[in-house]
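Peer 1: This structure is in structure tokens; I'll ask about it shortly.
Number of protein chains: 2
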Amino acid sequence: MTERVSIGIDIGGTKVAGGIVDVDGRITGRLRRDTPHRSTSPGVVEDVIVGVVEELMVGLDPEDVAAIGIGAAGFVAADRATVAFAPHLSWRDEPLRDNLAGRLPKPVFIDNDANAAAWAEWRFGAARGETHLVMITLGTGIGGGLLFNGEVLRGRFGIAGEYGHMQVVPDGIRCQCGNRGCWEQYASGNALMREARALVAARSPIAMDMVARVNGDPGIITGPLVTEAAKEGDRMAIELLAEIGTWLGIGMANLAAAFDPGRFVVGGGVSAAGDLLLQPARDAFAKQLTGRGYRPEATIIPAHLGNDAGLIGAADLARASVE
Amino acid sequence: MTERVSIGIDIGGTKVAGGIVDVDGRITGRLRRDTPHRSTSPGVVEDVIVGVVEELMVGLDPEDVAAIGIGAAGFVAADRATVAFAPHLSWRDEPLRDNLAGRLPKPVFIDNDANAAAWAEWRFGAARGETHLVMITLGTGIGGGLLFNGEVLRGRFGIAGEYGHMQVVPDGIRCQCGNRGCWEQYASGNALMREARALVAARSPIAMDMVARVNGDPGIITGPLVTEAAKEGDRMAIELLAEIGTWLGIGMANLAAAFDPGRFVVGGGVSAAGDLLLQPARDAFAKQLTGRGYRPEATIIPAHLGNDAGLIGAADLARASVE
């Protein structure tokens, strides 16, 4: 028998990424689409998913595909079938698994995208051998996955790991989840973009290089553009990544107080900034950890699988669910 | 063979409570001492523990005592032998188990006091049957214990559950742990006492009944005194318990985002305030929970074992460790 592949789909706030994944976690084919805006109907996102899967399966023998795994940026309920809530998508109590199962030729498995990423990093990436892992995916928001002793910790109702919505600032910035002061409003790609746009719009002296870079138009600034500028030495971009990294480290110190992991793995699009983000995070963590000096400290390392962790993990969890 | 008992000791920031505990979690004898101030040497606390155990064992046949369990308000390292750090006590990398083992006639087991309380509530109290429990003990500070599927979640280095030291207010009130803005500076017996004393010292109009109650001396105000006053209708005391309860609820919403428990059990001395504390906590939790309306919500209930949970749990964990 040939080694079978599985298909993984990672649905984030801005991108739908799909891939064919082999048993060793390697991606042998991939596709990418924009995520429909959350004002569109839930069915539109499902159409995109089905389209991506169908296109990926062109040229594959369906017999060789074990299962299809979906990692979604939302609260996947304990039944592993329903997306209860998705801050950045239009799903509310959406029976995603059954809706897709009727349209796809293979067993469908769904999980939170960050759970999938945590699983992938533990199986194939930066967290191999770690017994107590906190995964943080910095994209549009903050995704979270917890893996203890090789098991995804999903919580009583299936939605553990949503620490992006822990309040870090009382009466702080309004979040898409409805609350104020959520961690992801201070440490995420959205935060990076929002702050960069505000500085450019204000024509802050420190923003002058960025103003030139975007011809004065704050509306075209994205997180990746800020990261690229930082890597080229743009001082405002470097400062903003450090701000976000500092908030990242403070939040990680909070999580360390609660969970006491051995390792934090930081993935998602913003993690492409590397040490421009992670060094300030490590510095803030070291200054903020309760009991510091009298306890072993968790390490903070970048994801090895980058933006691919979600789709690799979704595919591998799907395979594991049918084996 | 007679059913054996075990001895449990709960060491908090202000009290050392000891008890003889039977296999059903019942206390058949008890003792209480003040905790030596944290400026005294670590050995003084150990002397108190040894004294309490020896006094409890008077009249017991040593053969009937299975083990001695210590629940300590500190970071018990993964080796379950060392107290790495104790914010409210003088222990720093203290080899507590071995120090005590040489002076006591039975096997000694140590754990964090809130882990012990969580275990007791799960075995004998308010959390029976719950698979995902967050235990919060409100005493001098906030103690925390996590129990998932009948196992205490201790973390990679043994010190999970220290969520009292999650930062809830940037640049907030200084904590004994060295940080600022820790949750327990806003929701604990210390917070209750501090705020009541400040209002009395300021002779705030709302404090006038309390001023009379303490003959104008803020220094004699304690948490239990505020709780007692609240139960008798003192408006300032009721407001302060509601403030603390509100912070309690906000922090629980943060923990629900991260862990997604089925139940929060609130114990410790401050929980004696009952619904004067817990109703504001439930209200704040309901307003602050991310995804509210699109998820099942954890229940928030008082501990059944009250202040005894720590010593009962320490005794029962000790017994379990030698069986």
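Going line by line, the protein sequences match chains D and X.
Counted the way the numbering used here counts, the first sequence spans residues 807 to 1129.
Counted the way the numbering used here counts, the second sequence spans residues 807 to 1129.
All C-beta atoms in this analysis are idealised placements derived from N, C-alpha and C, irrespective of residue type, glycine included.
None of the values given here were measured: they were computed from a predicted structure.
#1: Skipping 5 residues on each side, what residues in its chain have a beta carbon closer than 7 angstroms to that of X/Val854?
#2: Mind listing which residues of the region 1060-1076 of chain X have their C-beta closer than 9 angstroms to chain D's C-betas, in chain order?
#3: Going by alpha carbons, who is nearest to X/Val940 out of D/Asn918, D/Leu944 and D/Ala966?
#4: Mind checking which residues open and close the beta strand (DSSP E) that includes X/Asn918?
#5: Leaving aside the five residues before and after X/Thr1105 along the sequence, list all residues of the same chain whose C-beta is less than 8 angstroms from its C-beta, in chain order.
#6: Under three-state DSSP, which class holds D/Asp885?
#7: Using a Cβ cut-off of 7 angstroms, pull out every chain D residue sitting near X/Asp904, in sequence order please.
#8: Can you give the Cα-Cα distance for X/Ala1002 and X/Thr1033, rounded to whole angstroms?
#9: Going along chain D in order, which residues have a C-beta closer than 7 angstroms to the C-beta of X/Met972?
#10: In angstroms, rounded to a whole number, what distance separates the CA positions of D/Ser845 and D/His894?
#11: Which residues, in order along the region 1024-1052 of chain X, keep a beta-carbon less than 9 angstroms from a beta-carbon of chain D?
#12: Can you tell me whether D/Ala1036 is buried or exposed, with buried defined as 16 or more other CB within 10 angstroms of its CB?
#13: Go through its chain and collect everything with a Cβ distance to D/Val974's Cβ below 8 angstroms, but skip five positions before and after it.
#14: With a threshold of 8 angstroms on Cβ separation, who are the neighbours of X/Arg1041 within its own chain once the five nearest residues in sequence on each side are excluded?
#15: Which residues in the same chain have their Cβ closer than 6 angstroms to the Cβ of D/Ser1127, if we skip the five residues on either side of it in sequence?
#16: Check D/Ser994 in the structure and name its three-state DSSP category.
#17: If you measure from the beta carbon of D/Glu990 to each beta carbon in chain X, is any gap under 8 angstroms?
#18: Is it true that the CB of X/Phe891 sits closer than 8 angstroms to the CB of D/Arg1000?
#19: Assuming X/Ala1121 contacts X/Glu927 (C-beta within less than 8 angstroms), just tell me the rounded distance between them.
#20: Leaving out five residues before and five after X/Ile1027 in sequence, what residues of the same chain have Cβ atoms less than 8 angstroms from its Cβ?
#21: Assuming D/Gly875 and D/Leu1123 form a contact by the criterion Cβ under 8 angstroms, report the distance between their Cβ atoms to the nearest whole angstrom.
#22: Can you check the region 887-970 of chain X for any beta strand (DSSP E) of at least 3 residues that lies completely inside it and give the ranges in chain order?
#23: Which of the three DSSP states, helix, strand or coil, is assigned to X/Thr1052?
#24: For a contact defined as C-beta to C-beta under 7 angstroms, what are the partners of X/Asp917 on chain D?
#25: Are the region 830-837 of chain D and the region 816-833 of chain X touching by the rule of at least three beta carbon pairs closer than 8 angstroms?
#26: D/Phe930 touches chain X at which residues, Cβ-Cβ below 9 angstroms?
#27: Compare the C-alpha of D/Gly1073 against each of D/Asn1113, D/Ala1062, D/Ala1064 and D/Ile979 and name the closest.
#28: Would a check of beta-carbon distances place D/His894 closer than 8 angstroms to chain X?
#29: Provide the residue span of the beta strand (DSSP E) that contains D/Val811, from first to last.
#30: How many whole angstroms separate the CB atoms of D/Gly877 and D/Gly1119, which I take to be in contact at a CB cut-off of 8 angstroms?
#31: For D/Arg909, count neighbouring C-beta atoms within 10 Å of its own C-beta (all shown protein chains included) and say buried if the count is 16 or more, exposed if not.
#32: When the Cα atoms are used, what is the spatial distance from D/Gly1153 to D/Glu1045?
#33: Report all residues from its chain with a CB closer than 7 angstroms to the CB of D/Leu1084; omit the five preceding and five following residues, and keep chain order.
#34: Would a check of beta-carbon distances place X/Glu968 closer than 8 angstroms to chain D?
#35: Find out if the Cβ-Cβ distance for the pair X/Ala879, X/Gly951 is shorter than 8 angstroms.
#36: Quick one: which chain X residues come within Cβ less than 8 angstroms of D/Pro901?
Peer 2: According to the structure data:
#1: Along the second sequence, one-based indexing puts residue 854 of chain X at 48. Here the set comprises Val822, Arg839 and Pro842.
#2: Asn1060, Leu1061, Ala1062, Ala1063, Ala1064, Phe1065, Asp1066, Pro1067, Gly1068 and Arg1069
#3: Here residue 940 of chain X refers to the residue found at position 134 when the second sequence is read from its first residue. Of the candidates D/Asn918, D/Leu944 and D/Ala966, the one whose C-alpha sits nearest the C-alpha of X/Val940 is D/Ala966.
#4: Here residue 918 of chain X refers to the residue found at position 112 of the second sequence. Looking at the DSSP string, the run of the beta strand (DSSP E) that includes X/Asn918 is Val914 to Asn918.
#5: In the second sequence, the residue the question calls residue 1105 of chain X occupies position 299. Cβ within range, chain order: Gly1068, Arg1069 and Phe1070.
#6: As a first step, residue 885 of chain D is located in the first sequence; it is residue number 79 there, counting from the start. Looking at D/Asp885 - three-state DSSP - the assignment turns out to be coil, as it is neither helix nor strand.
#7: Position 98 of the second sequence, counted from the start, is the residue given in the question as residue 904 of chain X. Within chain D, no residue comes near X/Asp904; the closest Cβ sits about 18 angstroms away, beyond 7 angstroms.
#8: Translated into positions along the second sequence, residue 1002 of chain X becomes position 196. Translated into positions along the second sequence, residue 1033 of chain X becomes position 227. Straight-line Cα distance between these residues: approximately 11 angstroms.
#9: As a position in the second sequence, residue 972 of chain X is number 166, starting the count at 1. Result: Asn1060, Ala1063 and Ala1064.
#10: Sequence index remark: in the first sequence, residue 845 of chain D carries index 39 (1-based). Sequence index remark: in the first sequence, residue 894 of chain D carries index 88 (1-based). Their backbone Cα atoms lie some 10 angstroms apart in a straight line.
#11: none
#12: Position 230 of the first sequence, counting from 1, holds the residue named residue 1036 of chain D. So D/Ala1036 ends up on the buried side.
#13: Within the first sequence, numbered from 1, the residue matching residue 974 of chain D stands at position 168. Contacts found: Gly987, Cys988, Trp989, Tyr992, Trp1053, Ile1056, Gly1057 and Asn1060.
#14: Along the second sequence, one-based indexing puts residue 1041 of chain X at 235. Excluding positions up to five away in sequence, the list reads Ile1012 and Asp1015.
#15: Within the first sequence, numbered from 1, the residue matching residue 1127 of chain D stands at position 321. Around D/Ser1127: Phe915.
#16: Stepping through the first sequence from its first residue, residue 994 of chain D is reached at position 188. DSSP places D/Ser994 in coil when its eight states are reduced to three.
#17: By 1-based counting over the first sequence, the position of residue 990 of chain D is 184. It does not: the Cβ of D/Glu990 has no partner Cβ on chain X nearer than 8 angstroms.
#18: Along the first sequence, one-based indexing puts residue 1000 of chain D at 194. Along the second sequence, one-based indexing puts residue 891 of chain X at 85. No, they are not a contact pair.
#19: Here residue 1121 of chain X corresponds to residue number 315 of the second sequence, with the count starting at 1. Here residue 927 of chain X corresponds to residue number 121 of the second sequence, with the count starting at 1. The Cβ separation is near 14 angstroms, so there is no contact.
#20: The residue given as residue 1027 of chain X occupies position 221 in the second sequence. Result list for X/Ile1027: Met999, Ala1002, Arg1003, Val1006, Met1016 and Val1020, in chain order.
#21: On the first sequence, position 69 is the one that residue 875 of chain D refers to. On the first sequence, position 317 is the one that residue 1123 of chain D refers to. 5 angstroms between Cβ atoms; contact.
#22: 889-891, 898-900, 914-918, 938-944 and 948-954
#23: In the second sequence, the residue the question calls residue 1052 of chain X occupies position 246. Helix at X/Thr1052.
#24: For this step, residue 917 of chain X is matched to residue 111 along the second sequence. Simply none; closest approach about 14 angstroms.
#25: no
#26: Here the question's residue 930 of chain D lines up with position 124 in the first sequence. Under the 9 angstroms cutoff, chain X gives no residues; its nearest Cβ is about 21 angstroms from D/Phe930.
#27: Locating residue 1073 of chain D in the first sequence gives position 267, counting from the first residue. Residue D/Asn1113 is the option with its Cα nearest to D/Gly1073.
#28: Within the first sequence, the letter at position 88 stands for residue 894 of chain D. D/His894 does not count as touching chain X.
#29: Taking the first residue of the first sequence as position 1, residue 811 of chain D is located at position 5. From DSSP, the beta strand (DSSP E) with D/Val811 extends over Val811 to Ile817.
#30: Reading the first sequence from its first residue, position 71 is the one you call residue 877 of chain D. Reading the first sequence from its first residue, position 313 is the one you call residue 1119 of chain D. Between D/Gly1119 and D/Gly877 the Cβ distance is about 6 angstroms, and since that is below 8 angstroms, they are a contact.
#31: The residue you call residue 909 of chain D lines up with position 103 of the first sequence. When all chains shown are included, D/Arg909 counts as exposed.
#32: Residue 1153 of chain D cannot be examined here, being either before or after the span of chain D that is shown, 807 to 1129.
#33: Position 278 of the first sequence, counted from the start, is the residue given in the question as residue 1084 of chain D. Excluding sequence neighbours, D/Leu1084 sits near Gly1051, Val1072, Ile1106 and Pro1108.
#34: Counting from 1 along the second sequence, the entry for residue 968 of chain X is found at position 162. Interface residue, yes.
#35: Position 73 of the second sequence, counting from 1, holds the residue named residue 879 of chain X. Position 145 of the second sequence, counting from 1, holds the residue named residue 951 of chain X. No, the pair does not count as a contact, with Cβ atoms beyond the cut-off.
#36: Locating residue 901 of chain D in the first sequence gives position 95, counting from the first residue. What D/Pro901 touches in chain X: nothing, since even the nearest Cβ is about 13 angstroms away.
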